[in-house]
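Chemist: What follows is a structure written as C-alpha cells; I'll ask about it next.
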Amino acid sequence: MKLVSLHRKIERNSGLLIFGILVVSSIGGLVQVLPIVLGDAHGAPAAGLAVYSPLELEGRDLYIRESCSTCHTQQVRPLLAEVKRYGPYSRAGEFAYDRPFLWGSKRTGPDLARIGGKYNDDWQRMHLLDPRSVVPASIMPAYPWLASRDADQGRTIQARMRALQQLGHPYSDQDIAAAPAALEGRTELEALVAYLQSLGRSMAGEPQP
Amino acid sequence: MADMPSQFWAGWIVVITVTSFLALVWLIVDIYRDGDLGGEVKDELWDETLREGARPAPVWWFWFILALMAVSVVYVMLYPGLGAYRGALRWSLGGQITERFADYETQFGARRRRILELSFAELAHDEETMRSAWRVFNNHCTSCHGRDAGGQAQQFPDLSDASWQWGGSEVQLSETIRAGRQAAMPAWQASIGEQGVRRLADYVLALAAGDDGSAAQAEGAGLFQQFCTACHGADGSGNPVLGAPALNDAVWLYGGSRADVMRSIAMGRNGVMPTFGGRLDETQIRLVAAWLSAGAKVPDER
Chain A
4 MKLVSLHRKI
14 ERNSGLLIFG
24 ILVVSSIGGL
34 VQVLPIVLGD
44 AHGAPAAGLA
54 VYSPLELEGR
64 DLYIRESCST
74 CHTQQVRPLL
84 AEVKRYGPYS
94 RAGEFAYDRP
104 FLWGSKRTGP
114 DLARIGGKYN
124 DDWQRMHLLD
134 PRSVVPASIM
144 PAYPWLASRD
154 ADQGRTIQAR
164 MRALQQLGHP
174 YSDQDIAAAP
184 AALEGRTELE
194 ALVAYLQSLG
204 RSMAGEPQP
Chain B
2 MADMPSQFWA
12 GWIVVITVTS
22 FLALVWLIVD
32 IYRDGDLGGE
42 VKDELWDETL
52 REGARPAPVW
62 WFWFILALMA
72 VSVVYVMLYP
82 GLGAYRGALR
92 WSLGGQITER
102 FADYETQFGA
112 RRRRILELSF
122 AELAHDEETM
132 RSAWRVFNNH
142 CTSCHGRDAG
152 GQAQQFPDLS
162 DASWQWGGSE
172 VQLSETIRAG
182 RQAAMPAWQA
192 SIGEQGVRRL
202 ADYVLALAAG
212 DDGSAAQAEG
222 AGLFQQFCTA
232 CHGADGSGNP
242 VLGAPALNDA
252 VWLYGGSRAD
262 VMRSIAMGRN
272 GVMPTFGGRL
282 DETQIRLVAA
292 WLSAGAKVPD
302 ER
C-alpha cells in the first residue's frame, strides 16, 4: 500500500485528519500514563505512610489556599547536594495520599518535603505569623490571619474525606464520623502546623541516600 | 526494581512502542520509495480553486530521520524504556546517586572519620574544620538559634554562652543534637494561685540577683522549697539531667522581667529541641557540638 497516497487522502478530509491526530497523539499517553494510572508500579504507599488526619488534611487544603507551593517545592531530587541538604530523595510511594500532589516547581523558599519534625511547633507558629521574628533575612510573607480563623469554617471536612475514601484512601466511616470533633476549637494555624509537621515523616530514619 | 511495570503493562508498553516505531519506519521508507524527495516545487490543487505550491522534503532529511531512528534503537537497547527491560548499561536513577555517594565517600570519607576520632579541643583548633561546622550549623540550626547562635525570640536558647540547660559536656551536647530534648515545666497557677505566683517570681528574681536570705522573700522561699527544688535544686542551681535551668544566675531563656518569670511559673514551659539524628550524621553532629563547645564563634565570611 502506498502510504503517500493515504497522506493525500487524510489531508483533504478533515474528519479523517482529526481521527488520525487523536490516534497518534494518544500513543504517548497509552505508553507513559496508562500503565502508571492503572498499573500498581507507582501507586503503592510507602511503608510507614499514614493517611492525613482530619487536622492535617485541613492544613493541606490551607497550604493549597495560601499558595505555599508557589514558592516551596515538596520533592527532594536524587542529587547529592539535595540529599545532603534535605535528606533522602523523594519516592513515588510517599505521595500515594496526595491528591493532587504539591511537588511545586520553583524554590523561592526551601524544599518542604522533609520539613516535618525539623522545627518545633512553637517555631512553626511564630514563623507563619511573622517570619522575620525567627529568620531576620526571610522574604516570606506573614500569614497572621491563620491564628484568628477557625479550622474548617465551611464544615466540609467530612465531604472531603468521603471523596478521598472513594478514591481509595483508607479512611474508615468512624474516622469520618469523628473528624468534625477533631477540628473543633482548632485554628487554621494549628491545622497548617500539623500538616507541615507530618511532611516527610514516613521516610524518617531511612538511611541516606 | 520496584518501579518497573508488571508483566502485562510491560508487554503493553513493548507492543505499542515497537508497533508505532515500525509504522514510522514504514512511512519514512515509503516516502523515499515514492521518489518524491528532493524534487521541484509542485503546484497542488487542494480544494476547487485553492492552489498551493508544495516543495518535497530534501533527500538529506530522509537520511537524517533514519539516523535519528537508529539512535533511538540504540538508546532503548542501552537504557531502560522498553517495558521492564533495564537496558544493557543497567542504568537507574537510584544507582546513579549511589555512585555519587561512593565518590563523595572516596573524596571525604577519611577526613570525616578523622573528625570522629579527634577531641573537641583538637577540632576547635583547626580553623577549616570550624568553618565546616559553622556551615552545618548555619544550614540546620540558625532558623531557631540565630545566625550567631545567640538565641532568638525568648524561645530558643543562646548557645554562645557558657550556660547549658541540658548540660555542656561532649556527650550531653551530642545527645541533645542527636535525640532532641523535651522540657517539662508544669503550670503552677492552679496549685499556688496568683498570689503564690507573684511571691515565687519575686523570690526567684531575688535568687538570680544573689540575694536568697532576705526576710521579705520568706513566703516565696517556702513555696520554692515545696514546689521547685525537686527539679531546680535547693539553691536553684538547676539540674541538666531534667533540663531544669539554673535560676541563681542572670540567664533567662524566656525573659527575666517580672512579668516573664510570672508567666513561666503560672503557665509552665515546654520547650522542644527537635531530633536531628536522622538529618545529621555522626560527623556533622560532632562538628556542631565541638563548634558550640568552643564558644560558637562565627568565622569570617570568605
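Protein chains in written order, with our numbering: chain A, 4 to 212; chain B, 2 to 303. Here a beta-carbon is modelled for each residue, glycine too, at the ideal position from N, C-alpha and C. Computed from a prediction, not measured in an experiment: that's the story for all the values here.
#1: Establish whether the CB of A:P147 and some CB of chain B are separated by less than 8 Å.
#2: Applying the criterion that 16 or more other CB atoms from any shown protein chain within 10 Å of the CB defines a buried residue, is B:N139 buried or exposed?
#3: From A:H130 to B:A191, what does the alpha carbon distance come to, in whole angstroms?
#4: For B:T50, count neighbouring C-beta atoms within 10 Å of its own C-beta (all shown protein chains included) and say buried if the count is 16 or more, exposed if not.
#5: Using only alpha-carbon positions, find the residue among A:G23, A:T190 and A:L33 that is nearest to B:I17.
#6: Alpha carbon to alpha carbon, what distance is there between A:S93 and B:Y105?
#7: With a threshold of 8 Å, are at least 3 pairs of Cβ atoms found where one atom belongs to the region 166–177 of chain B and the other to the region 238–253 of chain B?
#8: Buried or exposed for B:T230, going by 16 or more other Cβ atoms inside 10 Å?
#9: Could you round the C-beta distance between B:G272 and B:A188 to whole angstroms and report it? I think they count as a contact, below 8 Å.
#10: Hey, quick one: how far does the beta strand (DSSP E) through B:D1 stretch, first residue to last?
#11: In the region 255–282 of chain B, which residue ranges form an unbroken alpha helix (DSSP H) of at least 4 residues, counting only runs that do not cross its ends?
#12: Would you mind sorting A:A99 into buried or exposed? The rule is 16 or more other CB atoms within 10 Å of its CB.
#13: Of all Cβ atoms in chain B, is any one closer than 8 Å to the Cβ of A:G51?
#14: Go ahead and pull the three-state DSSP assignment for A:M143.
#15: Could you confirm whether any beta carbon from chain B is found closer than 8 Å to the beta carbon of A:N123?
#16: Using a Cβ-Cβ cutoff of less than 6 Å, which residues in the same chain neighbour B:A267 once the five nearest sequence positions on both sides are dropped?
#17: Consider the Cβ of B:A210: report whether some Cβ of chain A lies at a distance smaller than 8 Å.
#18: If I'm right that A:A116 touches A:L202 with Cβ under 8 Å, what's the distance once you round it to whole angstroms?
#19: Helix, strand or coil for A:A77, going by three-state DSSP, please let me know.
#20: Considering only residues of the same chain and omitting the five flanking positions on each side of A:R102, which have a CB-CB separation below 7 Å?
#21: Mind pulling the chain B residues with CB within less than 8 Å of A:G90?
#22: Given this structure, state the Cα-to-Cα distance separating B:A216 from B:A209, to the nearest angstrom.
#23: Following the continuous beta strand (DSSP E) through B:L51, name the residue where it begins and the one where it ends.
#24: Would you mind sorting B:W92 into buried or exposed? The rule is 16 or more other CB atoms within 10 Å of its CB.
#25: Show which residues of chain B have a CB atom less than 8 Å away from the CB atom of A:L58.
#26: If the cut-off is 7 Å on Cβ atoms, which residues from the region 116–149 of chain B count as contacting chain A, listed in chain order?
#27: Mind checking whether B:C145 and A:W148 have CB atoms under 8 Å apart?
#28: Can you find the residues in the same chain that come closer than 7 Å, C-beta to C-beta, to B:A185, ignoring five residues on each side of it along the sequence?
#29: CB A:P57 to CB A:A182, shorter than 8 Å?
#30: Any Cβ of chain A within less than 8 Å of the Cβ of B:W10?
#31: Could you list which residues in chain B have their beta carbon closer than 8 Å to that of A:W126, in chain order?
#32: At which residue ranges does the region 109–177 of chain B contain complete beta strand (DSSP E) runs of 3 or more residues, listed in the order of the chain?
#33: Does the pairing of the region 99–119 of chain B with the region 40–50 of chain B give three or more beta-carbon distances under 8 Å?
#34: If you follow the alpha helix (DSSP H) that A:E61 is part of, which residue opens it and which one closes it?
#35: So which of B:P300, B:S294 and B:L23 has the shortest CA-CA distance to B:E123?
#36: Please check if any C-beta of chain A sits within less than 8 Å of the C-beta of B:E283.
Modeler: Taking the coordinates as given:
#1: Not an interface residue.
#2: Under this definition B:N139 is an exposed residue.
#3: Each residue's alpha carbon lies about 31 Å from the other.
#4: A residue is called buried once 16 or more other Cβ atoms fall within 10 Å of its Cβ, and B:T50, having fewer, is exposed.
#5: Checked all of A:G23, A:T190 and A:L33; the closest Cα to B:I17 is A:L33.
#6: Each residue's alpha carbon lies about 20 Å from the other.
#7: Taking 8 Å as the limit for Cβ pairs, the verdict is that the region 238–253 of chain B does touch the region 166–177 of chain B.
#8: By the neighbour-count criterion, in which a residue is buried when 16 or more other Cβ atoms sit within 10 angstroms of its Cβ, B:T230 is exposed.
#9: About 14 Å; that fails the 8 Å criterion.
#10: Absent from the structure is residue 1 of chain B, since the part of chain B shown begins at 2 and ends at 303.
#11: As far as the region 255–282 of chain B is concerned, its whole alpha helix (DSSP H) runs of at least 4 residues are 259–268.
#12: Under the 10 Å beta carbon count, A:A99 is surrounded by 16 or more other beta carbons and is classified as buried.
#13: Taking Cβ atoms only, chain B never reaches closer than 8 Å to A:G51, which makes this a no.
#14: The three-state reading of DSSP puts A:M143 in coil, since its state is none of H, G, I, E or B.
#15: Yes, A:N123 lies at the interface with chain B (some Cβ there is under 8 Å from its Cβ).
#16: Take B:A267, set aside five residues on each side of it, and the residues of its chain with a beta-carbon closer than 6 Å to its own are Q190 and V198, in chain order.
#17: No, B:A210 lies away from the interface with chain A (no Cβ there is under 8 Å from its Cβ).
#18: About 6 Å separates the two Cβ atoms, so the contact holds.
#19: According to the sequence provided, residue 77 of chain A is Gln. The question's Ala does not apply to it. Reduced to three states, the DSSP call for A:Q77 is coil.
#20: Leaving aside the five residues that flank A:R102 on each side, the residues in its chain whose CB is nearer than 7 Å to its CB run, in chain order, L167 and L170.
#21: Going along chain B in sequence order, the residues near A:G90 (Cβ under 8 Å) are G279 and R280.
#22: The predicted position of B:A216 is uncertain, since its pLDDT is 49 and thus under 50; a value taken from the coordinates is nonetheless stated next. Whole-angstrom Cα-Cα distance: 16 Å.
#23: For B:L51, the uninterrupted beta strand (DSSP E) run begins and ends at L51 to A55, by DSSP.
#24: Exposed.
#25: Counting only Cβ-Cβ distances below 8 Å, A:L58 has no contacts in chain B at all, with the closest Cβ about 18 Å away.
#26: For the region 116–149 of chain B, which is checked against every Cβ of chain A, the residues closer than 7 Å are N140, S144 and C145.
#27: No, these two residues do not count as a Cβ contact at 8 Å.
#28: In the same chain as B:A185, and ignoring 5 residues on each side of it, the C-beta atoms closer than 7 Å to its own belong to N271, in chain order.
#29: In contact: A:P57 and A:A182 (Cβ atoms closer than 8 Å).
#30: Chain A, which has a Cβ nearer than 8 Å to the Cβ of B:W10, makes this yes.
#31: What A:W126 touches in chain B: S144, C145, Q156 and F157.
#32: As far as the region 109–177 of chain B is concerned, it has no whole beta strand (DSSP E) run of at least 3 residues.
#33: Contact fails: fewer than three Cβ-Cβ distances are below 8 Å.
#34: It spans P57 to R68 - the alpha helix (DSSP H) in which A:E61 sits, taken as one unbroken run.
#35: Per the C-alpha coordinates, the member of B:P300, B:S294 and B:L23 positioned closest to B:E123 is B:S294.
#36: Not one chain A Cβ lies under 8 Å of B:E283.
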